[in-house]
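S.K.: Please find one structure pasted underneath; my questions will follow.
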Amino acid sequence: EAGVAQSPRYKIIEKRQSVAFWCNPISGHATLYWYQQILGQGPKLLIQFQNNGVVDDSQLPKDRFSAERLKGVDSTLKIQPAKLEDSAVYLCASSFWGGPPDTQYFGPGTRLTVL
Amino acid sequence: AQTVTQSQPEMSVQEAETVTLSCTYDTSENNYYLFWYKQPPSRQMILVIRQEAYKQQNATENRFSVNFQKAAKSFSLKISDSQLGDTAMYFCAFMKPGSGNTGKLIFGQGTTLQVKP
Numbered sequence: 001e002a003g004v005a006q007s008p009r010y011k012i013i014e015k016r017q018s019v020a021f022w023c024n025p026i027s028g029h030a031t032l033y034w035y036q037q038i039l040g041q042g043p044k045l046l047i048q049f050q051n052n053g054v055v056d057d058s059q060l061p062k063d064r065f066s067a068e069r070l071k072g073v074d075s076t077l078k079i080q081p082a083k084l085e086d087s088a089v090y091l092c093a094s095s096f097w098g099g100p101p102d103t104q105y106f107g108p109g110t111r112l113t114v115l
Numbered sequence: 001a002q003t004v005t006q007s008q009p010e011m012s013v014q015e016a017e018t019v020t021l022s023c024t025y026d027t028s029e030n031n032y033y034l035f036w037y038k039q040p041p042s043r044q045m046i047l048v049i050r051q052e053a054y055k056q057q058n059a060t061e062n063r064f065s066v067n068f069q070k071a072a073k074s075f076s077l078k079i080s081d082s083q084l085g086d087t088a089m090y091f092c093a094f095m096k097p098g099s100g101n102t103g104k105l106i107f108g109q110g111t112t113l114q115v116k117p
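Chain order of the listed sequences is R and Y. Taking this note's numbering, the leading residue of the first sequence gets 1, the next gets one more, and so forth. Taking this note's numbering, the leading residue of the second sequence gets 1, the next gets one more, and so forth.
Here it is, written out as structure tokens:
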């Protein structure tokens, strides 16, 4: 079974530029999550999708961050414009809806450096 | 709001020995899940072990076991017969299940574990 795929793996941009990350979840997983992991900290949820609908985006900085999952499969996370404090690893995870205690499967992450 | 605290930023253990990582959490919920995730250097996060709050029996997975104390809101991870491949950052996480048993994970700050040969 293929795991969660993310691209790019690394990205370096200047502040005020825009950037987009892509995630392909495990086949059949209806729930998709984006987490932000700042160096030395635990991941923090940015947004949770159920199919193509948003379940929780309470911690997404909506003035600069946006995310979509148009067909209920792949998802993109965008930052525009980027700030220095956005430097972090962005993790995508997916899980199977309606099963026993939820296990989230994580992708390798995208490491973003904002200069 | 729920919080998760890991008070040990770094730990080390000799190969083949046993080590215990600590985690405490705060919640007013009665139904929730607790997890330990492992994040090896430059590799992706994987689930180590999971505990349902309504189960009194402590979860075990091979060399990994937990000590779940619900009243004390404590959830420690014991690694027996430590191996070099156990070197990683370990995160304790809390989840209140929502629709379809899914929900956001609330992570602690992490504990870096180094296993020494």
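Every residue gets a Cβ at the ideal spot worked out from N, C-alpha and C, and that includes glycine. As the structure is a computational prediction, the values presented were derived from the model and not from experiment.
Counting only C-beta atoms, is ARG50/Y closer than 8 angstroms to chain R at any point?
M.R.: yes
S.K.: Which of the residues in the segment 19-44 of chain Y, read from start to end, lie with their CB under 7 angstroms from any CB of chain R?
M.R.: Flagged, chain order: TYR33, GLN44.
S.K.: GLN8/Y to PRO43/R, Cα distance in whole Å?
M.R.: A direct Cα-to-Cα measurement between GLN8/Y and PRO43/R gives close to 17 angstroms.
S.K.: Can you look up LEU84/R in the DSSP assignment and give me helix, strand or coil?
M.R.: Three-state result, LEU84/R: helix.
S.K.: Could you name the residues of the segment 54-68 of chain Y whose beta carbon sits closer than 7 angstroms to any beta carbon of chain R, in the order they occur along the chain?
M.R.: none
S.K.: Keeping to the same chain, check which residues put their C-beta closer than 6 angstroms to that of PRO117/Y; ignore five residues upstream and five downstream.
M.R.: GLU15
S.K.: With 9 angstroms as the C-beta to C-beta threshold (strictly closer), list the residues of the segment 82-115 of chain R near chain Y in chain order.
M.R.: Answer set for the segment 82-115 of chain R: LEU91, ALA93, SER95, PHE96, TRP97, GLY98, GLY99, PRO100, PRO101, ASP102, THR103, GLN104, TYR105, PHE106, GLY107, PRO108, GLY109.
S.K.: Determine the DSSP secondary structure at ASN101/Y, reduced to helix, strand or coil.
M.R.: Here ASN101/Y carries a helix assignment [DSSP, helix/strand/coil].
S.K.: With a threshold of 7 angstroms, establish whether the CB of GLU15/Y neighbours any heavy atom of the ligand FMN.
M.R.: No copy of the ligand FMN occurs in the structure displayed, which carries no ligand at all.
S.K.: Quick one: residues in its chain with C-beta nearer than 6 angstroms to the C-beta of THR112/Y, no 5 flanking neighbours on either side, listed in chain order?
M.R.: Excluding residues within five positions, the ones whose Cβ falls inside 6 angstroms are GLU10, MET89.
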